[in-house]
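Sequences listed follow chains A and B, in order. Residue numbers are given in numbering that gives the first Met the number 0: position 257 of the first sequence equals residue 256, and the series is strictly consecutive. Residue numbers are given in numbering that gives the first Met the number 0: position 331 of the second sequence equals residue 330, and the series is strictly consecutive. Glycine residues also receive a C-beta, built at the ideal position from the N, C-alpha and C atoms.
Protein chains: 2
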Amino acid sequence: MENRKTTIHDIAARLNISASTVSRALNDYYRISKTTRDLIKKTAAEMNYKPNQLATNLRKGRGNMIGVIIPRIDRHFFSHAIAGMESVINPSDFNLMICQTNEDYMVEKRSLQALVNNRVEGIIISMAAGSTKTDHIEATLNEGIPLVMFDRVADHLDIDKVLNDNFAGAYDITTHLIRQGYRNIVHFSGPRHINVYRDRFEGYQKAMQDAGMEVTDSMVFEDILTRQKGEELAEQLLRSGKLPDAIFSSSDFSALGALLFFKSKGVAIPRQIGIAGFANEPFTELTTPGITTLEQYSEEIGKSTARLLIERIESGKKEVSKTMTFKPKLIIRASTEKK
Amino acid sequence: MENRKTTIHDIAARLNISASTVSRALNDYYRISKTTRDLIKKTAAEMNYKPNQLATNLRKGRGNMIGVIIPRIDRHFFSHAIAGMESVINPSDFNLMICQTNEDYMVEKRSLQALVNNRVEGIIISMAAGSTKTDHIEATLNEGIPLVMFDRVADHLDIDKVLNDNFAGAYDITTHLIRQGYRNIVHFSGPRHINVYRDRFEGYQKAMQDAGMEVTDSMVFEDILTRQKGEELAEQLLRSGKLPDAIFSSSDFSALGALLFFKSKGVAIPRQIGIAGFANEPFTELTTPGITTLEQYSEEIGKSTARLLIERIESGKKEVSKTMTFKPKLIIRASTEKK
DNA sequence: TTGTAGGCGTTATCAA
DNA sequence: TTGATAACGCCTACAA
Chain A
0 MENRKTTIHD
10 IAARLNISAS
20 TVSRALNDYY
30 RISKTTRDLI
40 KKTAAEMNYK
50 PNQLATNLRK
60 GRGNMIGVII
70 PRIDRHFFSH
80 AIAGMESVIN
90 PSDFNLMICQ
100 TNEDYMVEKR
110 SLQALVNNRV
120 EGIIISMAAG
130 STKTDHIEAT
140 LNEGIPLVMF
150 DRVADHLDID
160 KVLNDNFAGA
170 YDITTHLIRQ
180 GYRNIVHFSG
190 PRHINVYRDR
200 FEGYQKAMQD
210 AGMEVTDSMV
220 FEDILTRQKG
230 EELAEQLLRS
240 GKLPDAIFSS
250 SDFSALGALL
260 FFKSKGVAIP
270 RQIGIAGFAN
280 EPFTELTTPG
290 ITTLEQYSEE
300 IGKSTARLLI
310 ERIESGKKEV
320 SKTMTFKPKL
330 IIRASTEKK
Chain B
0 MENRKTTIHD
10 IAARLNISAS
20 TVSRALNDYY
30 RISKTTRDLI
40 KKTAAEMNYK
50 PNQLATNLRK
60 GRGNMIGVII
70 PRIDRHFFSH
80 AIAGMESVIN
90 PSDFNLMICQ
100 TNEDYMVEKR
110 SLQALVNNRV
120 EGIIISMAAG
130 STKTDHIEAT
140 LNEGIPLVMF
150 DRVADHLDID
160 KVLNDNFAGA
170 YDITTHLIRQ
180 GYRNIVHFSG
190 PRHINVYRDR
200 FEGYQKAMQD
210 AGMEVTDSMV
220 FEDILTRQKG
230 EELAEQLLRS
240 GKLPDAIFSS
250 SDFSALGALL
260 FFKSKGVAIP
270 RQIGIAGFAN
280 EPFTELTTPG
290 ITTLEQYSEE
300 IGKSTARLLI
310 ERIESGKKEV
320 SKTMTFKPKL
330 IIRASTEKK
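#1: Indicate the three-state DSSP secondary structure (helix, strand or coil) for A:Gly121 in the structure shown.
#2: Quick one: is B:Ala12 buried, meaning 16 or more other Cβ sit within 10 Å of its Cβ, or exposed?
#3: Who are the near neighbours of B:Leu255 in its chain, counting only those whose CB is closer than 6 angstroms to its CB and skipping five residues on each side?
#4: Output yes if chain A places a C-beta closer than 8 angstroms to the C-beta of B:Glu299; else output no.
#5: Thinking B:Pro243 and B:Asn183 are a contact (beta carbons under 8 angstroms), I'd like their distance in whole angstroms, please.
#6: Assuming A:Ile122 and A:Leu146 form a contact by the criterion Cβ under 8 angstroms, report the distance between their Cβ atoms to the nearest whole angstrom.
#7: If contacts are defined as beta-carbon pairs under 8 angstroms, then B:Phe220 and B:Val185 qualify, I think. What distance do you get, rounded to the angstrom?
#8: Which residues of chain A have a Cβ atom closer than 8 angstroms to the Cβ of B:Ala82, listed in chain order?
#9: Between A:Val115 and chain B, is the shortest Cβ-Cβ distance under 8 angstroms, so that the two count as touching?
#10: Okay, do the region 116-132 of chain A and the region 307-320 of chain A touch, 3+ Cβ pairs below 8 angstroms being the bar?
#11: Does the beta-carbon of B:Leu146, which I'm using as the reference point, lie nearer than 7 angstroms to any heavy atom of the ligand ADP?
#12: Counting only the same chain and skipping the five closest in sequence on each side, list residues whose C-beta sits under 7 angstroms from that of B:Ser130.
#13: Would DSSP call B:Ile309 helix, strand or coil?
#14: For my contact list, A:Ile72 and B:Ala82 are in at a C-beta cut-off of 8 angstroms; report their separation, rounded to the angstrom.
#15: Does the Cβ-Cβ distance between A:Val159 and A:Ser320 come in under 8 angstroms?
#16: Near A:Asn369, what residues of its chain come up, given a Cβ to Cβ distance below 8 angstroms and the 5 sequence neighbours on each side ignored?
#17: Tell me, please, whether the CB atom of A:Gln52 is closer than 8 angstroms to any CB atom in chain B?
#18: Taking Cβ positions only, does A:Met0 come closer than 8 angstroms to chain B?
#19: So A:Asn279 contacts chain B; which residues on that side make the cut at Cβ distance below 7 angstroms?
#20: Out of A:Ile272, A:Lys40, A:Thr55, which has the shortest C-alpha to C-alpha gap to A:Tyr48?
#21: Could you check where the beta strand (DSSP E) with B:Gly315 kicks off and where it finishes?
#22: Under 8 angstroms Cβ-Cβ, which residues of chain B neighbour A:Asn94?
#23: Taking all protein chains shown into account, do 16 or more other C-beta atoms lie within 10 angstroms of the C-beta of A:Tyr296, making it buried, or fewer, making it exposed?
#24: Determine contact between the region 271-289 of chain B and the region 58-70 of chain B, defined as no fewer than three beta-carbon pairs at a distance below 8 angstroms.
#25: Taking the DSSP output, what are the residues bridged to A:Val161?
#26: First and last residue of the alpha helix (DSSP H) that includes B:Ala44?
#27: Along the chain, where does the beta strand (DSSP E) that runs through A:Leu95 open and close?
#28: Quick check on DSSP: helix, strand or coil for B:His186?
#29: Can you name the residues that DSSP bridges to A:Gly211?
#30: So with Cβ pairs under 8 angstroms, would you call A:Ser78 a contact of chain B?
#31: In this structure, what does DSSP give as the bridge partners for B:Val219?
#32: Residues in the same chain with beta-carbon distance under 6 angstroms from A:Glu230, minus the five sequence neighbours each way, listed in chain order, please.
#33: Which partner residues of A:Phe247 appear in the DSSP bridge assignment?
#34: Identify the continuous alpha helix (DSSP H) that holds B:Gly62 and give its terminal residues.
#35: For B:Met0, which residues from the same chain have a beta carbon less than 8 angstroms from its beta carbon, with the 5 sequence-adjacent residues on both sides left out?
#36: Taking the alpha carbon of A:Ile312 as the point to measure from, which residue in A:Ile88, A:Leu14, A:Ser188 has its own alpha carbon closest?
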């Protein structure tokens with residue numbers, strides 16, 4: 000329980016040499032005699048010396064921290080994306096500083112501020128649902144900090160992005176439903192100011208149009224992302240008397256809610272109604288019937304995002320910005336096997 | 000894309016005052032004229048001034064960062080625990096620095112080192128499976144850094160801890176199995192040098208003994224925590240011809256593996272064999288039959304851990320160390336309804 | 001190969 | 001109420 004930590008000066012004093020020599024030895028500088036270096040290192044260890052990273056960073060004008068901002072850490076997609084980032088970043092001796100916004104714009108803004116103030120080397124961000132403007136992100140960009148967005152991105156910003164091809168995924172799964180013979184397919188969507196849900200909606204819409212079917216407003220339900228909302232909407236649909244014959248949901252959770260509700264009411268899945276989700280949440284495989292969905296490669300997305308950021312940091316961020324897209328993989332299960 | 004950031008000196012120069020005045024104004028020091036303070040704040044905003052947290056921390060000798068070390072961030076329990084910590088820590092203007100060990104001792108050691116070097120204000124840790132020694136943790140404690148352990152703790156260290164009452168949970172669920180009429184109950188365990196799995200084993204053992212049944216070595220299987228291991232072991236048990244009539248697994252995942260395997264082979268659950276897990280993973284509710292398990296209150300554990308740490312940090316860590324225990328809640332589902 | 005001196009951006013102390 | 005000065009711990013020209 001010592002209080003004042005040993006510094007390079009303490010070591011220097013003990014050995015009757017200068018602090019700079021100690022610094023050089025500890026950092027394996029090129030021209031320094033092996034004997035003094037070894038002596039210094041040995042003494043440093045004896046004195047339980049711990050380099051003060053804060054001081055180093057201040058002096059060098061750069062840190063060893065990468066900031067990550069996500070809506071919620073307890074979501075399967077995000078926690079796995081972060082695991083992917085970790086695996087890339089850990090070997091590189093950066094550290095992750097993780098902030099969670101709870102989908103709130105103000106929290107996101109404050110977190111960005113904190114990261115800037117802590118002089119992080121780069122920032123990875125996936126936007127909060129509450130962030131309808133991007134002034135805070137632009138302000139951060141103006142600081143000249145390398146910044147990469149993933150999953151929930153701002154289309155109009157010209158920066159590196161990594162995301163799912165939500166359009167293609169939605170197109171594929173809708174087409175699958177159509178091929179199975181479903182005709183009256185409705186869509187559970189999220190807030191459509193978020194690229195993710197907008198693109199899924201558009202993929203659905205395009206697939207319907209390509210199959211000669213019109214999508215009307217009454218077929219699309221906004222903000223149906225949770226299990227509970229899925230249940231409620233399913234109940235509403237059933238009560239209304241005009242049950243669709245299939246649902247493509249932007250969320251596995253609301254798909255689950257609907258599935259459980261229909262099951263409990265004796266509506267036959269997939270015969271009377273087909274159900275498809277998005278994200279390949281672990282549970283989708285385990286329900287009866289299993290839920291057709293799309294695999295998102297969260298870990299890969301995390302890895303690529305981290306790699307992109309590290310490139311930016313190391314290359315001085317000059318080049319033109321890149322967007323990487325991962326095409327979700329259609330996972331067909333019993334919930335849509337009409338045929 | 001400016002390069003050099005504005006400092007308080009720049010502001011001072013612009014206003015022909017001293018840097019210390021600027022500093023005081025920005026920090027709302029008590030004795031300073033309102034007019035200069037307002038002027039300074041206005042100018043700071045104009046010049047897009049961002050306080051350099053690194054410098055502040057160095058000068059003040061303390062930082063605004065809390066380090067968290069966990070085995071894996073993509074596990075339900077841990078990501079939810081972290082969400083809980085975030086909710087407590089965010090309002091307090093600390094920031095979380097999260098490290099994931101992948102269950103590896105060396106990574107854990109290096110992470111601790113990094114946190115110490117970054118002069119974090121406190122550390123929260125849940126040990127890696129690979130950490131059979133605790134020298135690195137003791138070394139960190141010797142630095143005088145407040146440290147709280149959660150879930151995977153080192154029993155012999157006299158520090159604050161927050162954990163599940165694994166013994167009680169295991170005792171409860173085993174007793175439940177016994178009351179249901181199961182007699183030949185085997186146990187899927189994890190590495191028993193980890194308190195978590197040791198305590199679950201002991202709870203199981205005690206419940207069996209209290210019911211007059213002996214637990215022999217052949218009834219306990221070590222290192223069966225994953226779905227795949229659960230499947231493999233289930234297969235082995237079935238082939239051996241002496242199928243137990245119930246399984247209490249330390250992990251929902253291996254319970255799931257066993258359940259799916261038995262189902263696929265036509266072994267009736269819960270009639271021929273009862274299955275119980277631990278952790279109340281989301282999927283346990285959705286299998287057919289649903290899996291009896293124990294709810295862990297991960298978020299609460301995260302919150303309490305964070306609160307305990309903040310107390311330590313703020314109170315100068317003098318008091319005697321506390322251990323908080325959360326009793327897991329038995330969730331009874333169809334997989335054990337023999338009666 | 002080593003030492004000296006200065007500064008990274010803040011804040012605390014002392015004096016004015 | 002404000003200013004000058006030093007120091008937090010480290011690194012790096014430059015000089016020796």
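In short:
#1: Working through the first sequence from its first residue, we reach residue 121 of chain A at position 122. Strand at A:Gly121.
#2: Locating residue 12 of chain B in the second sequence gives position 13, where the first residue counts as 1. Flag for B:Ala12 reads exposed.
#3: As a working mapping, residue 255 of chain B is identified with position 256 in the second sequence. Arg226, listed in sequence order.
#4: Within the second sequence, the letter at position 300 stands for residue 299 of chain B. Taking a beta-carbon distance threshold of 8 angstroms, B:Glu299 does not count as an interface residue toward chain A.
#5: Start at 1 with the first residue of the second sequence, and residue 243 of chain B comes out as number 244. Start at 1 with the first residue of the second sequence, and residue 183 of chain B comes out as number 184. So it is a contact: roughly 4 angstroms between Cβ atoms.
#6: Position 123 of the first sequence, counting from 1, holds the residue named residue 122 of chain A. Position 147 of the first sequence, counting from 1, holds the residue named residue 146 of chain A. Contact between A:Ile122 and A:Leu146 holds, with the beta-carbon distance rounding to 5 angstroms and staying under 8 angstroms.
#7: The sequence position of residue 220 of chain B within the second sequence is 221, counting from 1. The sequence position of residue 185 of chain B within the second sequence is 186, counting from 1. Their Cβ separation, rounded to whole angstroms, is 7 angstroms, which keeps B:Phe220 and B:Val185 in contact under 8 angstroms.
#8: Here residue 82 of chain B is taken as the residue at index 83 of the second sequence, counted from 1. Residues of chain A passing the Cβ test: Arg71, Ile72, Asp73, Gln99.
#9: By one-based count along the first sequence, residue 115 of chain A stands at place 116. Yes - at least one Cβ of chain B is within 8 angstroms of the one on A:Val115.
#10: yes
#11: What this structure holds is no ligand at all, so the ligand ADP is not there to describe.
#12: Numbered from its first residue, the second sequence carries residue 130 of chain B at position 131. For B:Ser130, where only same-chain residues beyond five positions count, the Cβ hits under 7 angstroms are Tyr104, Glu107.
#13: Against the second sequence, residue 309 of chain B aligns to sequence position 310. Assignment of B:Ile309 by DSSP, reduced to helix, strand and coil, places it in the helix class.
#14: In the first sequence, counting from the first residue as 1, residue 72 of chain A sits at position 73. In the second sequence, counting from the first residue as 1, residue 82 of chain B sits at position 83. Going by Cβ atoms, the distance from A:Ile72 to B:Ala82 rounds to 5 angstroms, so yes, they are a contact pair.
#15: On the first sequence, residue 159 of chain A is found 160 positions in, with the first residue counted as 1. On the first sequence, residue 320 of chain A is found 321 positions in, with the first residue counted as 1. Inspection of the sequence shows that residue 159 of chain A is occupied by Asp rather than by Val. Yes, Cβ-Cβ distance for A:Asp159 and A:Ser320 is below 8 angstroms.
#16: Summary: the structure shown does not reach residue 369 of chain A, with chain A confined to residues 0 through 338, and so no result is reported for it.
#17: The sequence position of residue 52 of chain A within the first sequence is 53, counting from 1. Cβ-Cβ to chain B under 8 angstroms: yes for A:Gln52.
#18: On the first sequence, position 1 is the one that residue 0 of chain A refers to. The predicted position of A:Met0 is uncertain, since its pLDDT is 38 and thus under 50; a value taken from the coordinates is nonetheless stated next. So, interface residue.
#19: Position 280 of the first sequence holds residue 279 of chain A. Chain B residues near A:Asn279: none, gap ~13 angstroms exceeds 7 angstroms.
#20: Mapped onto the first sequence, residue 48 of chain A falls at position 49. Nearest C-alpha to A:Tyr48: A:Lys40.
#21: On the second sequence, position 316 is the one that residue 315 of chain B refers to. First-last for B:Gly315: undefined, no H or E at that position.
#22: As a working note, residue 94 of chain A is residue 95 in the first sequence. The answer, in chain order, is Met96, Cys98, Ala113, Asn117.
#23: On the first sequence, residue 296 of chain A is found 297 positions in, with the first residue counted as 1. Looking at its Cβ environment, which holds 16 or more other Cβ atoms inside 10 Å, A:Tyr296 is buried.
#24: Three or more Cβ pairs closer than 8 angstroms define a contact, and the region 271-289 of chain B falls short of that threshold against the region 58-70 of chain B.
#25: Position 162 of the first sequence, counted from the first residue, corresponds to residue 161 of chain A. DSSP output for A:Val161 lists A:Phe149, A:Met323 as bridge partner(s).
#26: As a first step, residue 44 of chain B must be located in the second sequence, where it is residue number 45. B:Ala44 -> alpha helix (DSSP H) spans 33-45.
#27: Numbered from 1 along the first sequence, position 96 holds the residue referred to as residue 95 of chain A. Start and end: 94-99.
#28: On the second sequence, position 187 is the one that residue 186 of chain B refers to. In the structure shown, B:His186 sits in a strand (DSSP, three-state: E or B).
#29: Stepping through the first sequence from its first residue, residue 211 of chain A is reached at position 212. According to DSSP, A:Gly211 bridges with nothing at all.
#30: As a first step, residue 78 of chain A is located in the first sequence; it is residue number 79 there, counting from the start. Taking Cβ atoms only, chain B reaches closer than 8 angstroms to A:Ser78, which makes this a yes.
#31: Within the second sequence, residue 219 of chain B is the residue found at index 220, counting from 1. Its beta-bridge partners are B:His186.
#32: As a working note, residue 230 of chain A is residue 231 in the first sequence. Cβ-Cβ distances below 6 angstroms link A:Glu230 to Gly256, Phe260 in the same chain, with the five nearest sequence neighbours on each side left out; the list follows chain order.
#33: Working through the first sequence from its first residue, we reach residue 247 of chain A at position 248. Bridge partners of A:Phe247 according to DSSP: A:His186, A:Ala275.
#34: Position 63 of the second sequence holds residue 62 of chain B. Note, B:Gly62: premise wrong, no alpha helix (DSSP H); not H, not E.
#35: As a first step, residue 0 of chain B must be located in the second sequence, where it is residue number 1. Confidence in B:Met0 is poor, its pLDDT being 38 and thus under 50, which makes the residue's placement unreliable; the coordinate value appears in the next sentence. Excluding positions up to five away in sequence, the list is empty.
#36: Walking along the first sequence from the start, residue 312 of chain A turns up at place 313. When only C-alpha atoms are compared, the closest one is A:Ile88.
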